Structure formats: C-alpha cells, structure tokens
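A.B. asks: Structure below; questions to follow.
Residue numbers (this note's numbering), protein chains in the order written: chain Z, 1 to 215; chain H, 1001 to 1406.
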C-alpha cells in the first residue's frame, strides 16, 4: 500500500507472505519476530486459527525512525493458504509492496506449490498489482524434512524465473532472516523511487536493511 | 459495536480501538487503580477518560499500539502503577485491533463472495435463457415435424383409399369390358340378321296364304321396331363401353408415374364418371378453352377434379348449374368449378382446407377431400383459390403452372 502520511511523518510498507497451506508462512513470521531487532517491533497479532491453520491472517509490525525523524513502518502479513479462503487471500494481498512466496520443499507438495503460485499471480492481477515488476522472493521451506527436492532440482526448475530463490527451515529459523533481507533488497529500490529514501531521508539500501533486520 | 468502514489494514485511532467497551467503566477502573487524578488522552489531545484539569506532579506514560504512540495516560501516582495501567490499556487496544481487523476483513470477504455469487447467478441466468430459447426452437421444430408427418399420413390415407377404390373400379371395368364386347358384337350381328329378315318380306307378302298370316302377326311393325330396339341397345352398349373406359382411365390413381395429358380430356372423363351422382342435382356446362399438354400426375389431378365436382353438386339445395371452365393464360392453367349452390359462410371458409373439417353429417364425408386436393395441387407447384357468396354459389379455381412437372 506504500502509504505516506505527511502529517504524522510516516511511511507504511505492506509485505505479504503467500504460499500453499501448511508451508510455514506463520512460522516464518514467528521466527522473524524472534530474530529481528529493529528499533521498533510490535507483537504478532494472530487472528483466529483452526488446528494451527490461519483463517484470516497474522500481522507483525516492524519499524524504525529515519535520521530525518520519519517513521518507516513495515507490516508483515501472512495469508491463509487453504484454497477455500481465496477471497481473504485476495483482500490481504491487495496494496502489497512486496511478497515472499513460501513453498513447501517436500516432493509430494509440488502440485500444491504450483497451484498456489498460479493463484498468487491471478490474485495479484485481480487486485491490480503489476505482478511482473512487484518485489518477490521465492523461499523453499522445510529443508529439515526428508523426502524433499534437492537444491539443484529446485534451482534447475526455477532457473528461468526472475525472482531470487532462498532455502529455509522456518522451524529452526535457518534461512528465515536471509529470505526477509532478500525481500528488503527488492523492496528498497521501489520505495526509494517513490519516497526518495536516499535523498530526502538519508537512508541508503544498506542502512534501510540494517535498520529493519539488524546488523 | 459499530463496524468501521474502510480497509481492514488501515491505521486505527485510540478512540476507535476503545470504541467497543464502556468508557464509563473504563474510567471507573482506571480511577480505582490510579486515583481520581488521572487522564487518558489521545495523541491528538482529545480526553477519553479522567479529568481535564491540570495534573501537577503527575506522571505521563505513552500508550502504544502498532509501533506508534496513540495516546497518553497521566496520573498523580507511582510511575510503576501508571506504566502497569498503560500496559493493560495496550493489551485492550491489541484485542480491539484484532476485532476490528477481523470484522473489516470479514466484511470485505463476504462482499467479494457476494459479488462473485451474483456474477455466477447472472451467468446462470444467461445460460438458462439460452437453454430456454433452444428448447423453444426444438419444440417448434418438433411441432413442424409433427405437422409434416400428420399431413403425409393424411395423404397416404387418402391415396390408399383412392387406390383401393381404383383397384375395385379397374377390376369391375375389366370384368364388364369382356361381356360388353361380345354383347356389342352380337347386337351388331343381330341387327344384320334383322336386315336380312326384312329383305324376305316382299316375297312373303306376294304369297296370298302367307301374306294373311304375316299381316295378322303385324310383322312389318315388328321388323321395323326390332331394328330400332337393336340400334338403341347398341347405343346403350357403346355408352357403357365408354364409361368403362373412362372408369379404367380414372381409376389409374396408383399410377404414380408422370404422364403428359390434356386436362380437358381428364375433365370429360371425370364428368362421365360422376354423371350419375351429379345429373340429378345440376346441369353441367363445359366451357373448355384450348390447353397445352401438361406433364402431371393425371390420376391425382382427376381425384381433385372429382372432389370439386362432387362438392359443387353437394352444394345444391335445389337443382342448379355447374360450370366447368378451363383456360390457358400466360404461364398458368386455370380450371374453374363455378356452382350456383348455397355458398360457404365466412367462418367455414377459413377452415375448409383443415384436415377432418366437414359440414356433412357423420359418415357422409371424411373432411379430407379439399385437404388432399390442396396438397396435390401444391405438389404441382399450384394453388387453389376460393371465392364464395353465401346463398349465391362458390367458385373454386385450380391454378397450375403451364410448365408442369419437371
């Protein structure tokens, strides 16, 4: 949504974790809450769940002050992965400034991954997002499980895709922060173009990433 | 609680997030915790609970939500106390935010689902309309097919009827033909014999004894009358032979082959066949113009002529007149049957070609004559025109293309 609020000197960025059901989107958010040490960090706001499955969304707010005294807020959302909640997914996705697609590395989940990715592409179009230019990082999660696709296989499959690939094990926290940093690196140029982060606020990309993700 | 308009992910104010709980009870609870000297105000300066007076020596603690300071809690109390109360408020705000976001998102989702349903409903209605139109088309086609089948069935029925009548007539004609032949021949021979007897008369009259007997037996008259009787019989036999020949020609209804005929001959033939039925009711006037030979199903057209002629005779309440007129005009042949009968009322006129429509008593007419006639004429590329004046008579005109059948 990339809101700019001149009165309260505030810029808000919306980042969405998308992906098939049970691929570990909420776990990513929980780990980020533990791993990141930004200047400002809110509690995770979790809406109703049913058997550990997200029904609405989760929200993790992060933020920091720029040297010019502006508040940069990042709101990290997850969507419900189950097919039936498509309307909710669409609503959460609308006005997003960046996305992480959390895929399940297990061999049995390939079809679900590709269906969910197609759903992401369709919904992005429906809510008026330019999918081709939108910041997106693809994370293959659950690297700690057996019966998973090897990194070589995944890289070969995604070789033609323009998006950065990361590997993670959200349960242990491995790769979670790295994925998020890759997303910030994608989001920064867009935000810089929109809000002149470097010129008006003295925030370089490195400073931006450091301020959110910590050193 | 009022559901707030706007997106679920917008920013909320302090009063929005506290909107769901009683401000009076919140104020009472805070007063119990912090004493009467406290104030809860929004970052914009609006006082939500507590006093509006200055609080000299009070402690001021920020109330935060979602990384931001939404308001301030001031109280003349211990700092730990005020901070703990602010934490309680923050927990309340967190719950308020959960409620607001969930309900706003729920409304968005319900609205989206509803719109999707409406779209589906519209699509369904469109497809239902398409199916309804299709079913109407199908029904119409079925109706047309039924019409065709019905009319074909009628024709078959009538043709079958005429064919069996024709076979019977042909059989009878054939049977009569032979005896009529030898009767005619014998009558001719007998007439010769009478002539020879007549030649003997002068010789017998010359003999006095025989002449007396001759006279007594009135043989002069007898021989003269004998010849006249035979001549009448020969004329009668000739007429029977002619009728039999016409009947044979007319009964050739099952000859579906196309023939080239002069329709005037057909009209004569029909008049002969129907003479017995028509003559008691009407005089027939033949007004026949020259017609070109026509390629047609002659047997079937004969049926049409017969139907029209018998109808005309049937229309006579008192003895009347039937005029049969034939003309060749341009590329059309026109055969008219004009009668001086009782005519046809307008409401009846509209239905005369309907199958099974008849004005006659049960068992007297099938109601098929004109139906089949129309179909036969139509099969020749022609039409039947009707004019009628009730009380004065009717005119049926058969119009056929002069080119005939291909």
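Built from N, CA and C at the ideal position, the CB exists for glycine as well. It should be emphasised that the depicted structure is a prediction, and the values quoted were computed from it without experimental measurement.
1. Could you round the C-beta distance between residue 66 of chain Z and residue 203 of chain Z to whole angstroms and report it? I think they count as a contact, below 8 Å.
2. What residue range does the alpha helix (DSSP H) around residue 1208 of chain H cover?
3. Just tell me which of H:1345, H:1196 and H:1053 has its CA closest to the CA of residue 1075 of chain H.
4. Using a 10 Å radius around the Cβ and a threshold of 16 neighbouring Cβ atoms, would you call residue 1369 of chain H buried or exposed?
5. Short of 7 Å in beta carbon distance, which residues of its chain neighbour residue 1247 of chain H, apart from the five on each side in sequence? Order them along the chain.
6. With a threshold of 16 other CB atoms inside 10 Å of the CB of residue 98 of chain Z, please say whether the residue is buried or exposed.
7. Following the continuous beta strand (DSSP E) through residue 14 of chain Z, name the residue where it begins and the one where it ends.
8. Report the CB separation of residue 71 of chain Z from residue 14 of chain Z in whole angstroms; it is logged as a contact under 8 Å.
9. Would you list, in chain order, the members of the stretch 1104–1136 of chain H that have their beta-carbon closer than 7 Å to a beta-carbon of chain Z?
10. DSSP three-state label for residue 46 of chain Z, please.
11. Pop quiz: residue 1338 of chain H and residue 1323 of chain H are said to be a contact at Cβ under 8 Å. What is the actual Cβ separation, rounded to whole angstroms?
12. Could you check whether the Cβ of residue 107 of chain Z sits closer than 9 Å to any Cβ belonging to chain H?
13. Report the three-state DSSP secondary structure of residue 99 of chain Z (helix, strand or coil).
14. Can residue 129 of chain Z and residue 74 of chain Z be called in contact, C-beta distance under 9 Å?
15. Near residue 1014 of chain H, which residues of its chain fall below 6 Å by C-beta distance, leaving aside the five closest residues on each side in sequence?
16. Return the chain-ordered list of same chain residues with a C-beta closer than 8 Å to the C-beta of residue 39 of chain Z, the five sequence neighbours on each side being excluded.
17. In terms of DSSP beta bridges, what is residue 70 of chain Z paired with?
18. Below 8 Å, how does it come out for the stretch 125–145 of chain Z and the stretch 78–88 of chain Z: are there three or more Cβ pairs, yes or no?
19. Between the beta-carbon of residue 1031 of chain H and the beta-carbon of residue 1057 of chain H, is there less than 9 Å?
20. I'd like to know whether the C-beta atoms of residue 83 of chain Z and residue 17 of chain Z end up nearer to each other than 9 Å.
21. Name the residues in the stretch 1068–1082 of chain H whose C-beta lies less than 9 Å from a C-beta of chain Z; which are they?
22. Applying the 10 Å Cβ sphere with the 16-neighbour rule, what's the burial state of residue 80 of chain Z?
23. Let me see if you follow: with CB-CB separation under 9 Å, is residue 1054 of chain H close to chain Z or not?
24. Determine contact between the stretch 1016–1028 of chain H and the stretch 1092–1109 of chain H, defined as no fewer than three beta-carbon pairs at a distance below 8 Å.
25. Locate the alpha helix (DSSP H) running through residue 30 of chain Z, then write down its first and last residues.
26. Please say whether residue 1289 of chain H and residue 1326 of chain H have beta carbons closer to each other than 9 Å?
27. Going by beta carbon distance, what residues of the same chain come within less than 6 Å of residue 1214 of chain H, once the five residues before and after it are set aside?
28. Beta-carbon within less than 8 Å of residue 1079 of chain H's beta-carbon, same chain only, minus the 5 sequence neighbours each way: which residues are those?
29. At least one CB of chain H closer than 9 Å to the CB of residue 187 of chain Z: is that the case?
30. Under 7 Å Cβ to Cβ from residue 1375 of chain H, same chain only, skipping five residues before and after it: list those, please.
31. Within the same chain, show all residues whose beta-carbon is closer than 6 Å to that of residue 1260 of chain H, passing over the 5 residues directly before and after it, in chain order.
32. Spell out the partners DSSP gives residue 1337 of chain H in its beta bridges.
33. Quick check: what's the CA-CA separation for residue 1029 of chain H versus residue 1063 of chain H?
34. Going by other Cβ atoms of all chains shown within 10 Å of its Cβ, with 16 needed for buried, is residue 182 of chain Z buried or exposed?
35. Which chain H residues are close to residue 43 of chain Z, counting only those with a beta carbon under 8 Å from its beta carbon?
36. Which residues bound the beta strand (DSSP E) around residue 1268 of chain H?
C.D. replies: Here's the rundown:
1. As a first step, residue 66 of chain Z is located in the first chain; it is residue number 66 there, counting from the start. As a first step, residue 203 of chain Z is located in the first chain; it is residue number 203 there, counting from the start. Indeed, because the Cβ distance is near 6 Å, the residues count as touching under 8 Å.
2. Indexing the second chain from 1 puts residue 1208 of chain H at position 208. Per DSSP, residue 1208 of chain H belongs to the alpha helix (DSSP H) from 1208–1216.
3. By one-based count along the second chain, residue 1075 of chain H stands at place 75. Checked all of H:1345, H:1196 and H:1053; the closest Cα to residue 1075 of chain H is H:1053.
4. Translated into positions along the second chain, residue 1369 of chain H becomes position 369. Buried, because 16 or more other Cβ atoms sit within 10 Å of the Cβ of residue 1369 of chain H.
5. Counted from its first residue, the second chain places residue 1247 of chain H at position 247. Taken in chain order, the residues that qualify are 1169, 1173 and 1273.
6. On the first chain, position 98 is the one that residue 98 of chain Z refers to. Counting Cβ neighbours within 10 Å, residue 98 of chain Z comes out buried, since at least 16 surround it.
7. Residue numbering aside, residue 14 of chain Z sits at position 14 when the first chain is read from its first letter. That run of the beta strand (DSSP E) goes 10–18.
8. As a first step, residue 71 of chain Z must be located in the first chain, where it is residue number 71. As a first step, residue 14 of chain Z must be located in the first chain, where it is residue number 14. Not really, about 15 Å apart at Cβ, beyond 8 Å.
9. 1105, 1108, 1109, 1112 and 1113
10. Taking the first residue of the first chain as position 1, residue 46 of chain Z is located at position 46. Three-state result, residue 46 of chain Z: strand.
11. As a working note, residue 1338 of chain H is residue 338 in the second chain. As a working note, residue 1323 of chain H is residue 323 in the second chain. The pair is a contact, with the Cβ atoms about 4 Å apart (cut-off 8 Å).
12. Residue mapping note: residue 107 of chain Z aligns to position 107 of the first chain, counting from 1. It does not; no Cβ of chain H falls within 9 Å.
13. Taking the first chain and counting its residues from 1, the one referred to as residue 99 of chain Z is at position 99. Correct three-state label for residue 99 of chain Z: strand.
14. Indexing the first chain from 1 puts residue 129 of chain Z at position 129. Indexing the first chain from 1 puts residue 74 of chain Z at position 74. Not closer than 9 Å, so no.
15. In the second chain, the residue the question calls residue 1014 of chain H occupies position 14. Contacts found: 1042, 1070 and 1071.
16. For this step, residue 39 of chain Z is matched to residue 39 along the first chain. Only 63, 64, 65 and 211 meet the Cβ criterion.
17. Here the question's residue 70 of chain Z lines up with position 70 in the first chain. DSSP output for residue 70 of chain Z lists no bridge partner at all.
18. no
19. Here residue 1031 of chain H refers to the residue found at position 31 when the second chain is read from its first residue. Here residue 1057 of chain H refers to the residue found at position 57 when the second chain is read from its first residue. Going by C-beta atoms, residue 1031 of chain H is not nearer than 9 Å to residue 1057 of chain H.
20. One-based indexing of the first chain puts residue 83 of chain Z at position 83. One-based indexing of the first chain puts residue 17 of chain Z at position 17. Not closer than 9 Å, so no.
21. 1068
22. On the first chain, residue 80 of chain Z is found 80 positions in, with the first residue counted as 1. It is buried - the Cβ of residue 80 of chain Z has at least 16 other Cβ atoms within 10 Å.
23. The residue given as residue 1054 of chain H occupies position 54 in the second chain. No, because no Cβ of chain Z sits closer than 9 Å to the Cβ of residue 1054 of chain H.
24. For the pair of segments examined, the stretch 1016–1028 of chain H was found to touch the stretch 1092–1109 of chain H: the number of CB pairs separated by less than 8 Å reaches three.
25. What you label residue 30 of chain Z is simply residue 30 of the first chain in a count that begins at 1. Taken as a continuous stretch (DSSP letters only), the alpha helix (DSSP H) holding residue 30 of chain Z covers 25–35.
26. Start at 1 with the first residue of the second chain, and residue 1326 of chain H comes out as number 326. Start at 1 with the first residue of the second chain, and residue 1289 of chain H comes out as number 289. Against a cut-off of 9 Å, the Cβ pair of residue 1289 of chain H and residue 1326 of chain H comes out as a contact.
27. One-based indexing of the second chain puts residue 1214 of chain H at position 214. The answer, listed in chain order, is 1204.
28. Residue 1079 of chain H sits at position 79 when you count from the first residue of the second chain. Same-chain partners within the cutoff: 1059 and 1061.
29. Locating residue 187 of chain Z in the first chain gives position 187, counting from the first residue. Chain H places no beta carbon closer than 9 Å to that of residue 187 of chain Z, leaving this residue out of the contacts.
30. As a first step, residue 1375 of chain H is located in the second chain; it is residue number 375 there, counting from the start. Closer than 7 Å at the Cβ level, and outside the excluded window around residue 1375 of chain H, lie 1151 and 1155.
31. Position 260 of the second chain, counted from the first residue, corresponds to residue 1260 of chain H. Excluding residues within five positions, the ones whose Cβ falls inside 6 Å are 1293 and 1295.
32. The count along the second chain starts at 1 and reaches residue 1337 of chain H at position 337. DSSP lists H:1324 and H:1396 as partners of residue 1337 of chain H.
33. Indexing the second chain from 1 puts residue 1029 of chain H at position 29. Indexing the second chain from 1 puts residue 1063 of chain H at position 63. The straight-line gap from Cα to Cα measures roughly 17 Å.
34. Counted from its first residue, the first chain places residue 182 of chain Z at position 182. Buried.
35. In the first chain, counting from the first residue as 1, residue 43 of chain Z sits at position 43. Close to residue 43 of chain Z, with beta-carbon spacing below 8 Å, are these residues of chain H in chain order: 1094.
36. By 1-based counting over the second chain, the position of residue 1268 of chain H is 268. Looking at the DSSP string, residue 1268 of chain H is not in any beta strand (DSSP E); the run it does join, the alpha helix (DSSP H), is 1263–1278.
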